[in-house]
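Comments concern the structure below.
Number of protein chains: 2
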Amino acid sequence: MNESQTTLAVICKALSESIAAGAFSAEGRLPSERALSEQFSTTRITLREALGHLEAQGLIYREVRRGWFVSPPRIVYNPLQRSHFHAMAKDQGRSAETQVIDARHCVASDTVCQKLLLPSGSDVICIRRLRYIDKRPVLYVEHYLNPLYFSGILDADLTSSLTDLYASRYDIHYGRVRFDMVPTLLTREASQALKVASGSPALFITRTNRDQNDRVIDCDLEYWRYDALHIDVEVN
Amino acid sequence: MNESQTTLAVICKALSESIAAGAFSAEGRLPSERALSEQFSTTRITLREALGHLEAQGLIYREVRRGWFVSPPRIVYNPLQRSHFHAMAKDQGRSAETQVIDARHCVASDTVCQKLLLPSGSDVICIRRLRYIDKRPVLYVEHYLNPLYFSGILDADLTSSLTDLYASRYDIHYGRVRFDMVPTLLTREASQALKVASGSPALFITRTNRDQNDRVIDCDLEYWRYDALHIDVEVN
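Taken in sequence, the protein lines are chains H and U. Residues in the first sequence are numbered consecutively from 1, following our numbering. Residues in the second sequence are numbered consecutively from 1001, following our numbering.
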């Protein structure tokens, strides 16, 4: 390694350790770039490269005009474990909230019709929600429901778990689930909802859900902030 | 929708359909932005927004100073199916190649030592490889092997499957595997190898592999181009 790479490695290591040790304020804001450059006796360029490395690892993130912040721990998402969003957060000692953006009948796109095994141009129920972990919006999700199975659901409280609502009101329980996960860039709708720049990286997860009778009941298009989760799968 | 959103939707739909129909040249290069603006009688701004949408979906990608290209189909990666890179590509009608960047003994990072259940500062074998699908570099991978099990492996041909080499030379076969998948941004090393801009989005997959006797034998740190794969998991 040459000298500048050594400096870079030293800064990355020192900052990673400070983050791990909880050295920054409760809000998790880092000192200014100027203060950090002085602290490490380095140039802004080298400092920014170090910050970029930590950002790439998801350890810190930048907010427009506010500076750098320590990323909260990622949520562990295990597709082999059946768990809904609120339960998953709670099991990991985190707080979860759900906000309904809108909910209505609409004509589904061809992609959604294919997932739901419906003819092209079918009417479906679309519920758009924004989900928070510890007050930070991390997941923008569009749920598409086959309306045949969920009559009157638009009158229900849609801020809590759909899993629970399906069970209590319709006696419908999840059976087989298919996950399709694609690293992607955020669409305009998703980035606006998540309050990050359009084109930011994201993980796009499509879940297609069947019920206890193996009928396809709904599909979810989930856009996750790239630094908000990791997928953990163990295979025997 | 307002008028500009309608135009945008029309352009996205028309271009998606042309791509699906294979309308572009074998190399997959799109016409210039100027030609496309004229074709759709729209402004550069709207056209670029449409191209950005298609890029976000992974349908097209941009090469520095060369323009826009149609993305090859994503490779399907199913962590529940045991298949090595070359076999996976072949099963999907694609060609695969592997290039060894370097291979040597080194002192492992703390993260790698933890994965391999070795004491901090242990010596390991590190093999860095670049993997191609249909001539495009899509995966930069660092393999870390516990040297206890793989004596003399650095003398072998490392351009083919390690899975096969483990079996034929060491009678070691994969057992349990743990996958940890994290959307991330590319590090400098990975982006240089993959010939994309540093900080480009990527999927970072850590595989920790055990053998038939449940010993941790190696771990792979895989950096995938974000538009090169999708993960497909079906859960009963």
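Cβ coordinates follow ideal geometry from the N, Cα and C atoms, glycine included. None of the values given here were measured: they were computed from a predicted structure.
Whole-angstrom distance between serine 1095 (chain U) and serine 1041 (chain U), CA atom to CA atom: 39 Å
Cβ contact (3+ pairs, closer than 8 Å) linking the segment 145 to 155 of chain H and the segment 176 to 186 of chain H: no
Arginine 244 (chain H) and leucine 229 (chain H) closer than 8 Å at C-beta: The structure shown does not extend to residue 244 (chain H), since chain H is modelled only from 1 through 236, so no value can be given for it.
Short Cβ contact (8 Å threshold) for aspartate 1232 (chain U) with asparagine 1078 (chain U): yes
Per-residue burial, leucine 1117 (chain U) [other beta carbons within 10 Å of its own, 16 or more giving buried]: exposed
Cβ contact (3+ pairs, closer than 8 Å) linking the segment 58 to 65 of chain H and the segment 13 to 33 of chain H: Contact holds: three or more Cβ-Cβ distances are below 8 Å.
Under 8 Å by beta carbon: chain H residues contacting proline 1079 (chain U): Val233, Val235
Boundaries (first-last residue) of the beta strand (DSSP E) holding threonine 98 (chain H): 96 to 107
Same chain, Cβ closer than 7 Å to aspartate 240 (chain H), neighbours up to 5 away in sequence not counted: Nothing can be reported for residue 240 (chain H), as the shown portion of chain H is limited to 1 through 236.
Reduced DSSP secondary structure (H/G/I, E/B, other) of leucine 1165 (chain U): helix
8 Å Cβ cutoff, methionine 1088 (chain U) in contact with chain H: no
Beta carbon of valine 141 (chain H) nearer than 8 Å to that of leucine 221 (chain H): yes
Sub-8 Å separation of aspartate 218 (chain H) and histidine 143 (chain H) beta-carbons: yes
Touching by the beta-carbon criterion (3+ pairs, under 8 Å), the segment 1182 to 1200 of chain U and the segment 1111 to 1126 of chain U: no
Sequence-distant residues of its chain with Cβ nearer than 8 Å to aspartate 1164 (chain U) (five each side left out): His1084
Distance, glutamate 1097 (chain U) Cα to isoleucine 1193 (chain U) Cα: Looking at the sequence shown, residue 1193 (chain U) is not isoleucine but alanine. Using only the alpha carbons, I get a separation of about 14 Å.
Straight-line Cα distance separating histidine 1053 (chain U) from serine 1025 (chain U): So the alpha carbons of these two residues sit roughly 21 Å apart.
Residue closest to cysteine 1012 (chain U), alpha-carbon to alpha-carbon, out of U:Lys1090, U:Thr1046, U:Tyr1170, U:Arg1034: U:Thr1046
Members of the segment 1044 to 1063 of chain U that neighbour chain H once the beta carbon cut-off is set at 9 Å: Glu1049, Gly1052, His1053, Glu1055, Ala1056, Gln1057, Gly1058
Cutoff 7 Å; reference serine 120 (chain H); Cβ partners in own chain excluding five residues on either side: Excluding sequence positions up to five before and after serine 120 (chain H), its CB lies within less than 7 Å of the CB of Asp110, Cys113, all in the same chain and listed in chain order.
Cutoff 8 Å: arginine 1104 (chain U) Cβ touching any chain H Cβ: No, no contact with chain H.
Proximal residues of chain U, C-beta to C-beta of valine 177 (chain H) below 8 Å: Glu1234, Val1235
6 Å Cβ shell around serine 161 (chain H) - same chain, five flanking residues per side excluded: His84, His86
Under 7 Å by beta carbon: chain H residues contacting histidine 1230 (chain U): In chain order: Asp180, Met181, Val182.
Below-8 Å beta-carbon distance, proline 137 (chain H) vs any chain U residue: no
Interface residues of the segment 198 to 211 of chain H facing chain U [CB-CB below 8 Å]: Ser198, Gly199, Pro201, Ala202, Leu203
Proximity below 8 Å, CB of isoleucine 1172 (chain U) to CB of aspartate 1211 (chain U): Against a cut-off of 8 Å, the Cβ pair of aspartate 1211 (chain U) and isoleucine 1172 (chain U) comes out as a contact.
Three-state secondary structure (DSSP) of tyrosine 1170 (chain U): Tyrosine 1170 (chain U) falls in the helix class under three-state DSSP.
Contacts that threonine 1187 (chain U) makes with chain H (C-beta to C-beta distance below 8 Å): His53, Ala56
Cross-chain neighbours of tyrosine 1226 (chain U) in chain H, by beta carbon under 9 Å: Val182, Pro183, Thr184, Leu185, Pro201
Inside the segment 64 to 93 of chain H only - alpha helix (DSSP H) runs reaching at least 4 residues: 85 to 91
Cβ-based neighbour list, alanine 1089 (chain U), same chain, cut-off 8 Å, excluding 5 preceding and 5 following: The beta carbon of alanine 1089 (chain U) is closer than 8 Å to those of Ile1075, Ser1095, Ala1096, Ile1133 in its chain, skipping five residues each way along the sequence.
Backbone CA spacing between threonine 1006 (chain U) and leucine 36 (chain H) [nearest angstrom]: 47 Å
Coil, strand or helix - glutamate 189 (chain H) by DSSP: helix
Selection from U:Val1235, U:Leu1186, U:Pro1072 that minimises the alpha carbon distance to tyrosine 1223 (chain U): U:Leu1186
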